[in-house]
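Under our numbering, read the sequence shown as residues 285 to 511, first letter to last.
Here a beta-carbon is modelled for each residue, glycine too, at the ideal position from N, C-alpha and C.
Some notes on the structure that comes next.
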Amino acid sequence: MKSIKSNLGDYATLVFDCDGVLLDSNKVKTQAFYQAALPYGEMAAQALADHHVANGGVSRYKKFSYFLEHIVAQHVEGPTLEQLLHRYAEHVRSGLLSCDIASGIRELRAKTPNTRWLIVSGGDQTELREVFAQRKLAEMFDGGIFGSPDAKEEILAREQRDSNIVSPALFIGDSKYDFKAARESNLDFLFLSDWSEVKNWQQWCHENNIYALGNISSLLETCTHPE
Numbered sequence: 285m286k287s288i289k290s291n292l293g294d295y296a297t298l299v300f301d302c303d304g305v306l307l308d309s310n311k312v313k314t315q316a317f318y319q320a321a322l323p324y325g326e327m328a329a330q331a332l333a334d335h336h337v338a339n340g341g342v343s344r345y346k347k348f349s350y351f352l353e354h355i356v357a358q359h360v361e362g363p364t365l366e367q368l369l370h371r372y373a374e375h376v377r378s379g380l381l382s383c384d385i386a387s388g389i390r391e392l393r394a395k396t397p398n399t400r401w402l403i404v405s406g407g408d409q410t411e412l413r414e415v416f417a418q419r420k421l422a423e424m425f426d427g428g429i430f431g432s433p434d435a436k437e438e439i440l441a442r443e444q445r446d447s448n449i450v451s452p453a454l455f456i457g458d459s460k461y462d463f464k465a466a467r468e469s470n471l472d473f474l475f476l477s478d479w480s481e482v483k484n485w486q487q488w489c490h491e492n493n494i495y496a497l498g499n500i501s502s503l504l505e506t507c508t509h510p511e
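Printed below as a string of structure tokens:
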């Protein structure tokens with residue numbers, strides 16, 4: 285991947301992941317997966333939590349389907365897919381409403397007034413929109429807030445086709461899946477490390493020639509020029 289533009293105002297579109305980028309919510313979701321799966325036992329619950337961390341950015345629908353098909357032993361009784369999703373959502377919602385918001389996000393919005401902002405997340409779309417509205421953040425994302433059950437690649441392709449994502453565009457994420465989705469969509473990519481759950485992220489970024497910063501605040505300092 286090529287390096288990103290030194291002035292974010294040169295981008296027509298900024299696409300943000302949510303968890304680990306805008307909200308410090310990765311651990312909230314990891315714990316929610318564990319708690320939702322606990323009726324199947326601690327080993328199964330931990331296996332799901334590990335699967336979630338290893339597949340950051342993938343929707344809950346795919347992760348719970350994988351859990352029931354590949355982790356849980358056949359004929360073992362426990363919650364259905366719908367019940368697991370409901371248990372998970374109950375645990376997640378309170379965490380999303382109380383977790384830290386990325387410092388500097390409003391300042392970054394003010395410095396990129398002509399750039400369209402979108403969220404493209406693996407989180408549930410309805411849940412995301414409600415949380416961002418309640419936390420008074422939704423108005424910053426004039427391009428919309430999008431999430432599962434649609435996959436990130438599907439959302440990016442649709443929004444590009446509809447000219448909602450216009451080049452040059454930058455995807456700001458914290459997972460290997462974010463990088464994959466950005467690359468497939470021909471978007472520049474920036475990795476934020478502070479809240480990421482990617483193991484050995486420095487080596488991974490080096491091997492893939494990925495530009496990395498710690499957080500939104502460091503992005504504000506590094507990649508924008510004062511008016």
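- Message: Between glycine 427 and threonine 297, how many whole angstroms is the CB-CB distance? I'm expecting something under 8 Å.
- Response: Taking the first residue of the sequence shown as 1, we reach residue 427 at position 143. Taking the first residue of the sequence shown as 1, we reach residue 297 at position 13. At roughly 7 Å, the Cβ-Cβ gap stays under 8 Å, so glycine 427 and threonine 297 are in contact.
- Run through DSSP, which three-state label would tyrosine 295 get? Translated into positions along the sequence shown, residue 295 becomes position 11. Coil, per DSSP.
- Message: Along the chain, where does the alpha helix (DSSP H) containing glycine 379 start, and where does it finish?
- Response: Sequence index remark: in the sequence shown, residue 379 carries index 95 (1-based). Glycine 379 -> alpha helix (DSSP H) spans 365-382.
- Message: Please state whether the Cβ-Cβ distance between tyrosine 372 and alanine 320 is less than 8 Å.
- Response: Along the sequence shown, one-based indexing puts residue 372 at 88. Along the sequence shown, one-based indexing puts residue 320 at 36. Yes, these two residues count as a Cβ contact at 8 Å.
- Between the Cα of tryptophan 479 and the Cα atoms of Gln358, Ser469, Phe425 and Asp301, which residue gives the shortest distance? What you label residue 479 is simply residue 195 of the sequence shown in a count that begins at 1. Checking every option, the nearest Cα to that of tryptophan 479 belongs to Asp301.
- Three-pair Cβ contact test at 8 Å for the stretch 393-406 versus the stretch 299-317: yes
- serine 287 versus Val415, Leu474 and Met327, residue with shortest Cα-Cα distance: To locate residue 287, count along the sequence shown from 1; it is residue 3. Closest by alpha carbon: Leu474.
- Nonlocal neighbours in the same chain, by C-beta distance under 6 Å from proline 510, ignoring five residues either side: As a position in the sequence shown, residue 510 is number 226, starting the count at 1. For proline 510, the predicted model reports a pLDDT of 42, less than 50, meaning its position is unreliable; a value from the coordinates is still stated below. Nothing listed; no residue qualifies.
- Query: Straight-line CA distance for serine 502 to leucine 365?
  - Reply: As a position in the sequence shown, residue 502 is number 218, starting the count at 1. As a position in the sequence shown, residue 365 is number 81, starting the count at 1. Rounded to whole angstroms, serine 502 to leucine 365 spans 40 Å at the Cα level.
- Query: Cβ of isoleucine 389 within 8 Å of Cβ of isoleucine 500?
  - Reply: Taking the sequence shown and counting its residues from 1, one reaches residue 389 at position 105. Taking the sequence shown and counting its residues from 1, one reaches residue 500 at position 216. Their beta carbons are under 8 Å apart, which means isoleucine 389 touches isoleucine 500 by this criterion.
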